[in-house]
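Below: one structure, written as structure tokens.
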Amino acid sequence: MSPEAFDRLQSLMASRAGFRLTRDRMKLAEHRLGPLARREGYETVEAMLASLWAKPVAALAWAVIEALLNPETWFRRDRPTFDTFAGELLPALSAARGGAPVKVWSAGCSTGQEAWSLAIGALEAGFPVEIVATDLSQRALEKARSGAYTGFEIQRGLKAGTMLTWFDQTEENWIAKPQLRAVAHFARANLLDPPTDDHRFDVIFCRHVLGDMEPARRGQVLDNLERRLVDDGCLFLGVEEVLEGDSIAFRPVAGRPGLFVKSPPALRRAA
Amino acid sequence: MTPRTCLIVDDSRIIRKVARRIVEGLGFEVDEAADGSEALTFCSGVMPEVILLDWSMPVMDGLTFLRRLRTLAGGAGPKVLFCTIETRAERIAEALSAGADDYVMKPFDGEILTSKLAEVGAV
Chain A
1 MSPEAFDRLQ SLMASRAGFR LTRDRMKLAE HRLGPLARRE GYETVEAMLA SLWAKPVAAL
61 AWAVIEALLN PETWFRRDRP TFDTFAGELL PALSAARGGA PVKVWSAGCS TGQEAWSLAI
121 GALEAGFPVE IVATDLSQRA LEKARSGAYT GFEIQRGLKA GTMLTWFDQT EENWIAKPQL
181 RAVAHFARAN LLDPPTDDHR FDVIFCRHVL GDMEPARRGQ VLDNLERRLV DDGCLFLGVE
241 EVLEGDSIAF RPVAGRPGLF VKSPPALRRA A
Chain B
1 MTPRTCLIVD DSRIIRKVAR RIVEGLGFEV DEAADGSEAL TFCSGVMPEV ILLDWSMPVM
61 DGLTFLRRLR TLAGGAGPKV LFCTIETRAE RIAEALSAGA DDYVMKPFDG EILTSKLAEV
121 GAV
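Sequences listed follow chains A and B, in order. First residue of the first sequence? That's 1 in UniProt numbering, and the numbers climb one at a time after it. First residue of the second sequence? That's 1 in UniProt numbering, and the numbers climb one at a time after it.
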């Protein structure tokens, strides 16, 4: 791929998805775009991109963007996060909501392992939840929604006992059981877009998403998350992720890595 | 701190080598056995903290070894992870009810094994 082609890809990713496509990912980008170019009937990646620049077709542009996002995820990634959620937050929030389902958003859910892990945690702890899981990538969402994972994927992070309890084995895959599917719903959303309705969540998980974003866009995403979160709600980032001047909307909770609550200025704005 | 100990029980020398590389990378001191009978002899002498166990092996299979291990003095101690090509749900359930702490389906990689060891509290 020519440096010029890569520059254009970089600005496409930044403007549409806020994604920071660093130069060290040039080889990876070519590798990821190869199968897409073949599916779309182009001889080469270069040919596909040339066609895209000449005539920007939205569907192709989004397919290119999807292929370059970072889909890496696994079950119960950052295990303490899931223990805090099921063991501490759910009991408190469920009591505060009078037993009504706790509303959870898995923002940037990729192939769904986070959403299913949350559903398992809630059902095993015996608390009603409604989980909405969103991602920018339609392909990732299709997999998430199917709830089907290979033997390789299913056991990354899940104990065998948990796997047997919550997944049915088929010829090829392990598939999320109906009880899990009943509490998780998947939809496409771009975290750069501001909310267009007033639906709000009790807990938001947006882990390992901001780290891949353009620093200039992180604040925008965090502001959107803040508007989607109830005032006494919680935000989880990855356990090693910090907010360094990205936003004043949230403050970290001491002793709970990755856990954030709304900061007083954000509460005042909301009021 | 004394290094933690792991016994790898598999009749394939190659699998033992691959598994050894992964668990040594996690700081374990590793011993090997080629079947359940060898493993049982080893455990009667020194009880390891973690055992990675194949199912199908000559002389004594993994399930028989596991059942005997759990009756030995101190035999409840080791965290036992089956690591096997057997992937049928009912066989996995059988292994867990025989006292396995977790179950790894081959093929696996370092990330899977590390996450399994973390879930059973061995790392």
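We put the beta carbon where it would ideally sit given N, CA and C, even for glycine.
Boundaries (first-last residue) of the beta strand (DSSP E) holding residue i
i      : result
D135/A : 129-135
I51/B  : 50-53
V9/B   : 4-9
A54/A  : Careful: A54/A lies outside any beta strand (DSSP E), inside the alpha helix (DSSP H) at 45-54.
K27/A  : Run containing K27/A: none in the beta strand (DSSP E); it sits in the alpha helix (DSSP H), 26-39.
R251/A : 250-252
E171/A : Careful: E171/A lies outside any beta strand (DSSP E) and carries neither H nor E.
G99/A  : Premise fails: G99/A is in no beta strand (DSSP E) and is neither H nor E.
F75/A  : Careful: F75/A lies outside any beta strand (DSSP E) and carries neither H nor E.
D31/B  : 28-33
D231/A : 229-236
V242/A : Here V242/A belongs to no beta strand (DSSP E), and DSSP marks it neither H nor E.
L21/A  : No beta strand (DSSP E) holds L21/A; DSSP gives it neither H nor E.
Close beta carbons around residue i, own chain, < 6 Å, minus the five adjacent residues each side
i      : result
V129/A : P101, V102, V104, A122, V183
P194/A : N224
G219/A : D246, S247
M60/B  : D35, G36, S37
A92/A  : none
I154/A : M163, W174
E29/B  : P3, T5
Close Cβ partners of residue i (< 7 Å) along its chain, the five nearest in sequence each way excluded
i      : result
G108/A : D135, L191, C206, V209
T81/A  : F236, V239, G258
I175/A : G147, A148, F167, D168
T87/B  : M105
L52/A  : L60, A61, V64
D212/A : F19, R20, N70
A187/A : V132, T134
T73/A  : S110, T111, Q113, E114
T84/A  : R256, L259
R32/A  : A67, L68
K116/B : L81, D102, V104
Cutoff 7 Å: residue i Cβ touching any chain A Cβ
i             : result
E119/B        : yes
A93/B         : yes
S115/B        : yes
D102/B        : yes
M105/B        : yes
I112/B        : yes
L52/B         : no
residue 124/B : Residue 124/B lies beyond the range of chain B shown here (1 to 123); nothing can be said about it.
T87/B         : yes
L96/B         : yes
Neighbour flag for residue i against chain B, beta carbons, 7 Å
i      : result
L164/A : yes
G157/A : yes
Q169/A : yes
G161/A : yes
For residue i, the first and last residue of its enclosing alpha helix (DSSP H)
i      : result
F6/A   : 3-17
P91/A  : 90-96
G36/B  : 36-45
G66/A  : Correcting the residue type first, residue 66/A is Glu in the shown sequence and not Gly. 58-68 is the span of the alpha helix (DSSP H), which, as asked, contains E66/A.
D83/A  : 79-84
V18/B  : 13-25
L117/B : 110-119
Any non-hydrogen atom of the ligand SAH closer than 6 Å to residue i Cβ
i      : result
V120/B : As for the ligand SAH, it is missing from this structure, which has no ligand bound.
Beta-carbon contacts of residue i that lie in its chain and below 8 Å, excluding the five residues immediately before and after
i      : result
T162/A : I120
L222/A : L210, L243, D246, S247, A249, F250
H199/A : R228
M57/B  : V9, D10, D11, A34, D35, G36
_Which runs of the beta strand (DSSP E) at least 3 residues long sit entirely within the segment 108-162 of chain A? Give them in chain order._
129-135
*Quick one: which residues of the segment 136-155 of chain A get their C-beta closer than 9 Å to a C-beta of chain B? List them in chain order.*
G151, F152, I154, Q155
*What beta strand (DSSP E) runs, 3 residues minimum, are completely inside the segment 180-223 of chain A?*
184-188, 201-205
_Segments assigned alpha helix (DSSP H), at least 4 residues, entirely inside the segment 60-103 of chain B_ = 62-69, 89-97
*Given a limit of 9 Å on CB to CB distance, which residues of the segment 30-43 of chain A reach chain B?*
none
*When Cβ atoms are compared, which residues of the segment 208-223 of chain A fall closer than 7 Å to chain B?*
none
_Residues of the segment 78-108 of chain A with Cβ closer than 8 Å to any Cβ of chain B, in chain order_ = R79
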